[in-house]
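Residue numbers (this note's numbering): 78 to 233. Notes follow the structure.
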Amino acid sequence: MSKMDVKIEKHGDMRVAFIRHTGPYEQSTEAWNRLSAAPGLASRMGPDSCFLSLCYDDPDVTEPGNTRMDVCVAVGDDYEEEAGISTQVIPGGEFAVVVYKGAYSGLHDAYRAIYGEWLPKSGREPSGSFSMEIYRTDCSRTPPDENITEIRIPLI
């Protein structure tokens, strides 16, 4: 990423339904398909649904086969867990936020820039628990180089 526009934003808690994927991040399609097909979720999904993932591991450090990702969709308090789908509340707080435009294959370079360049100069520290990606475009209907992903890094 040549120029990175990082904003510090406060966000509230978010309840999500999710499936844990273990393995290379780019191989999470099956988990996304299972999440989207869950009967209790499929009936709730629409153009305003918020799809996101929580990434717990750095693939430069963790073997790709061991990286963990929760594929998620935001849900209300009335959603009840169903077979193979769990729920969790993502804690709110302060986040470093970057809007990335481009193919998902370039996300790792964006993370390298955030953690390797911006964070050391910012005087802030990540909480170290996860990073969040909110998918602002539908990748099945958007050319890869037009995808918009909001990256959120929780801060201490």
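We treat Cβ as the ideally placed atom computed from N, Cα and C, and that holds for glycine. Since this is a predicted model, take the numbers as computed values, not measurements.
State the DSSP-derived secondary structure class of residue i, mapped to helix, strand or coil.
i, result
"Ile191", "helix"
"Arg111", "helix"
"Ser237", "The question about residue 237 has no answer, for the chain in this structure spans 78 to 233."
"Glu103", "helix"
"Glu223", "helix"
In chain order, what residues of the same chain lie with their CB nearer than 6 Å to the CB of residue i, ignoring the 5 residues before and after it?
i, result
"Ile211", "Leu129 and Glu227"
"Thr99", "Arg145"
"Pro141", "Pro101"
"Arg229", "Phe172, Val174 and Met209"
"Tyr188", "none"
"Gly117", "Glu159"
Can you name, in chain order, every residue of its own chain whose Cβ lies under 7 Å from the Cβ of residue i, other than the five neighbours on each side?
i, result
"Asp222", "Gly179 and Ala180"
"Asp154", "Arg92"
"Met78", "Any reading at Met78 must be qualified, since the residue scores a pLDDT of 44, below 50, and its modelled position is unreliable; the value itself is stated next. Excluding positions up to five away in sequence, the list reads Asp186, Ala187 and Ala190."
For residue i, which residues does DSSP report across the bridge?
i, result
"Pro203", "Leu232"
"Lys198", "Lys198 is not bridged to any residue."
"Gln165", "Val93"
"Glu140", "In the DSSP output, where bridge partners are listed per residue, Glu140 has none listed."
"His98", "Met146"
"His185", "Paired residue(s): none; His185 is not in a bridge."
Just reading off the alpha helix (DSSP H) that residue i is part of, what are its end residues?
i, result
"Ala119", "Pro116 to Ala119"
Quick one: residues in its chain with C-beta nearer than 8 Å to the C-beta of residue i, no 5 flanking neighbours on either side, listed in chain order?
i, result
"Thr164", "Arg92, Val93, Ala94, Phe95, Val152, Tyr156 and Glu158"
"Gly200", "none"
Between which two residues does the beta strand (DSSP E) carrying residue i extend?
i, result
"Asp147", "Arg145 to Ala151"
"Cys73", "Because residue 73 is not part of the residues shown, which for the chain are 78 to 233, the question remains open."
"Glu171", "Gly170 to Lys178"
"Glu157", "Glu157 -> no beta strand (DSSP E), and no H or E assigned at all."
Considering only C-alpha positions, which residue in the set the options is nearest to residue i?
i, options, result
"Val83", "Gly183, Pro197, Pro231 and Val176", "Val176"
"Leu112", "Glu103, Ile162, Ser120 and Gln104", "Ile162"
"Pro231", "Leu184, Tyr192 and Cys216", "Tyr192"
"Ser204", "Gly170, Gly183, Asp215 and Pro220", "Gly170"
"Arg97", "His88, Ala108, Gly89 and Pro136", "Ala108"
"Cys149", "Asn143, Met122, Asp137 and Asp134", "Met122"
"Glu202", "Tyr133, Cys127 and Ile233", "Ile233"
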